[in-house]
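Trainee: Pasting in a structure now, in structure tokens, and then I'll have a few things to ask.
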Amino acid sequence: MIFGNSAQVNKTRAWKKLVKHYKKMRDVEMRGLFRKDPQRAERYNINLDAMMLDYSKNRITDRTMAYLIALAKTCKLPEKIEAMFRGDKINHTEKRAVLHVALRNRENTPIMVDGRNVMPEVNAVLAKMRKFSEAVRLGKFTGHTGKKLVNIVNIGIGGSDLGPKMAVEALRKYWSKDINCYFISNIDGTACSEVLNKLNPEETLFIICSKTFTTIETLTNARTCRKWLVDALGEHAVAKHFVAVSTNAEEVAKFGIDTENMFEFWDFVGGRYSMWSAIGLIIAIAVGMDNFEKMLDGAHEMDMHFKYTELQKNIPVVLGLLSVWYTNFFNFRSLAIIPYDQYLHYLPAHLQQLIMESNGKFVSTQDEYVRYCTSPVVFGGAGTDVQHSFFQLIHQGTSVIPCDIIVPAISHNEVGDHHEILLANALAQGEALMKGKTVKEAYDEMRRAGKSKEEAKRLKKYKSFSGNRPSNTILFKKIDPFALGMLVAMYEHKTFVEGVIWDIDSFDQMGVELGKQMALSLLPELQNQASSISHDSSTENLVSVIKRLRK
Ligand code: F6P
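Counting in this note's numbering, the sequence shown runs from 1330 upward without gaps.
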């Protein structure tokens, strides 16, 4: 209980100061702040060797940041950061340590959980990943008939899919030429069929990724793929075409995979934080273990920045506090994440799980319902595509949606002037969101362009932009493995900061259980077996209509 007997963060002095400060800030225009302070871009900027955060286009002043930092201190953020890195059981509902940072602890300092240093196990799995990924890449570990395994299929869902899929796509330029990667996650048979239809079983390796090894989608897909392989090559082929990544050796063995072919990870790694573990095996096979380790190096660099940098200059801290500022004081309820890099097009999907599964919570660590908002709704997509879809609402909608604009200065494919056009668009969005265009400016512009007075008057509001809409610009030189590691770790820690301020357990995911439970009770009914559970009339009607349609 960090705020005293069942007190909540919104009752603290630090919070109340922010409430008052918000009243002064809510009508302040960023345009004016930029005009008054020529140093604003430098003041609200954190520059590390490999990346830069420009957060000057936010509705903040020095005072805002000071109040937010005071809030962070009230919530004991520095102590909580230390507790995570130390291996304390900060996932309090599940009584688990939270140690994705151990997976990329490149200095190999001891990290203790229940009195045991976890680093030797982490290093052993990394070594096993290196050995196996190199053997596959070099064609030394072959399929049952001796053919090189060139199709790598990851079967998993949620954290056992989104992270590796995002990273494999982000690093496409680093793929070994003869290797192709595929992902099967959805239980929809289409997902499985569409992948299997393309593949030759003799050349296909399946990696079954499941932390629990009980997830119905993953196990059902894995069984279907196993049958497909056995039908083609026989039962003996399984050992050469299936490996598993899991914390659950017993279930892996039951499934019929030799635990020799299993890569272990641990319950101190949450699913959505697991791409750094053997769940990233497909990444290592695609881009090589050296590149995988560069990604770990980048994440470690961000870990060290997060752990050791004062709060004011700490990128995840600043991003987390800005998120709280908008969510809880301005009541802005969404966040758009826009990477201006085609290879990062799966990043918003990965971050959606990371942020929303972590912080979409309504109970505080004091076992009380929270009396304030927690996670924003996260969405996004690659720029410039999304400028031609949802950006209309971001510029002129009645909701304000803070944006993270992620920009690599150099493209992996410098084709003609494509990248300069892309960059111009990325920067233009941030500037346009901040500045907007007044009604008068819109009117004058139309007049200058030759529109009649009547026409300009009629359209001036439609063509105006309220502006004062916040964005962060996150700049990299190029999205290489190191930069990708930094970027993803940055969001992991930002999410942690939000969770600390909101005083919630960011590391469980109990909210996904009810739907799973109900699906299990509905399945026998759809399969014409009796069920003892009665449903609401809408669900029952839907069951009977669907059964009729499927006859
Ligand atoms: O249903 C949510 C969830 O538990 C996620 O947190 C997790 O990433 C996903 O399912 C997959 O779980 P597993 O890796 O155990 O199959």
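Beta carbons are placed, not taken as given, at the ideal position from N, Cα and C, and that holds for glycine. All figures in this text were calculated on a predicted structure; none of them were measured in a lab.
Among GLN1758, ARG1777, ASP1587, which one has its Cα closest to the Cα of ILE1735?
Mentor: GLN1758
Trainee: Below 8 Å, how does it come out for the region 1706-1716 and the region 1668-1675: are there three or more Cβ pairs, yes or no?
Mentor: yes
Trainee: What span of residues does the beta strand (DSSP E) with THR1802 cover, start to end?
Mentor: DSSP places THR1802 in the uninterrupted beta strand (DSSP E) bounded by 1800-1805.
Trainee: Around the Cβ of ASP1443, are there at least 16 other Cβ atoms within 10 angstroms (buried) or fewer (exposed)?
Mentor: exposed
Trainee: When the Cα of VAL1497 is compared with those of MET1685, GLN1858, LEU1813, which residue comes out closest?
Mentor: LEU1813
Trainee: Considering only residues of the same chain and omitting the five flanking positions on each side of ASN1339, which have a CB-CB separation below 7 Å?
Mentor: ARG1700, TYR1701
Trainee: Quick one: give me the first and last residue of the alpha helix (DSSP H) that MET1495 is part of.
Mentor: Per DSSP, MET1495 belongs to the alpha helix (DSSP H) from 1491-1499.
Trainee: Using beta-carbon positions only, say whether GLU1358 and ASN1660 come within less than 8 Å of one another.
Mentor: no
Trainee: Let me check understanding here. Comparing Cα to Cα, which of TYR1820, GLU1622, PHE1794, LYS1569 lies closest to PHE1635?
Mentor: TYR1820
Trainee: Which two residues bound the contiguous alpha helix (DSSP H) that contains VAL1967?
Mentor: Lying before the first or after the last residue shown, residue 1967 is absent from the chain, which here runs from 1330 to 1880.
Trainee: What span of residues does the alpha helix (DSSP H) with ASN1754 cover, start to end?
Mentor: Its alpha helix (DSSP H) spans residues 1747-1764.
Trainee: So, with DSSP's three-state summary, where would you put ASP1626?
Mentor: helix
Trainee: So ASN1590 packs on VAL1572, CB below 8 Å; how close in whole Å?
Mentor: 4 Å
Trainee: If you count every other CB in all the chains shown that lies within 10 Å of the CB of PRO1449, and 16 or more means buried, which is it?
Mentor: exposed
Trainee: Is the beta carbon of GLU1589 within less than 7 Å of some heavy atom of ligand 1?
Mentor: Because no heavy atom of ligand 1 lies under 7 Å away, the Cβ of GLU1589 does not count as near it: no.
Trainee: Could you check if GLN1838 belongs to the surroundings of ligand 1, using beta carbon to heavy atom distance under 7 Å?
Mentor: yes
Trainee: Compute the minimum distance between the beta carbon of LYS1540 and the heavy atoms of ligand 1, and state whether it is under 7 Å.
Mentor: yes
Trainee: What is the DSSP secondary structure of THR1471, counted as helix, strand or coil?
Mentor: strand
Trainee: Sort ASP1560, PRO1799, ASN1529 by Cα distance to LEU1762 and report the nearest one.
Mentor: PRO1799
Trainee: Would you say the beta carbon of THR1553 is closer than 7 Å to some non-hydrogen atom of ligand 1?
Mentor: no
Trainee: Taking only three categories from DSSP, how would you classify MET1330?
Mentor: Any reading at MET1330 must be qualified, since the residue scores a pLDDT of 48, below 50, and its modelled position is unreliable; no value is offered.
Trainee: Check whether the Cβ atoms of THR1694 and HIS1421 sit closer than 8 Å, and answer yes or no.
Mentor: yes
Trainee: For LYS1502, collect the residues of the same chain with a Cβ closer than 6 Å to its Cβ; drop the 5 residues on either side in sequence, then sort them by chain order.
Mentor: HIS1741
Trainee: What is the DSSP secondary structure of LYS1365, counted as helix, strand or coil?
Mentor: helix
Trainee: Can you give me the C-alpha to C-alpha distance between PRO1645 and SER1793, rounded to a whole angstrom?
Mentor: So the two alpha carbons sit approximately 34 Å from each other.
Trainee: Any heavy atom of ligand 1 closer than 7 Å to the CB of SER1514?
Mentor: no
Trainee: Contact defined as beta carbons within less than 8 Å: I believe GLU1546 pairs with ILE1516. What is the distance between those atoms, to the nearest angstrom?
Mentor: 4 Å
Trainee: Just reading off the beta strand (DSSP E) that PRO1668 is part of, what are its end residues?
Mentor: Here the beta strand (DSSP E) through PRO1668 covers 1663-1668.
Trainee: Per DSSP, THR1544 is paired with what?
Mentor: DSSP lists no bridge partner for THR1544.
Trainee: According to DSSP, is VAL1706 helix, strand or coil?
Mentor: Three-state result, VAL1706: strand.
Trainee: Taking only three categories from DSSP, how would you classify ASN1870?
Mentor: helix
Trainee: Measure from the alpha carbon of VAL1817 to the alpha carbon of each residue in LEU1491, LYS1345, LEU1467, then state which is nearest.
Mentor: LEU1491
Trainee: DSSP on VAL1647, reduced to helix/strand/coil?
Mentor: helix
Trainee: Could you check which residue in LYS1569, ASN1857, ILE1739 has the C-alpha nearest to that of THR1474?
Mentor: LYS1569
Trainee: With contact counted as at least three CB pairs below 8 Å, one residue from each stretch, are the region 1503-1512 and the region 1477-1491 in contact?
Mentor: yes
Trainee: Thinking just about the alpha-carbon of each residue, which of LEU1843, LEU1562, PHE1542 is nearest to the one in PHE1584?
Mentor: PHE1542
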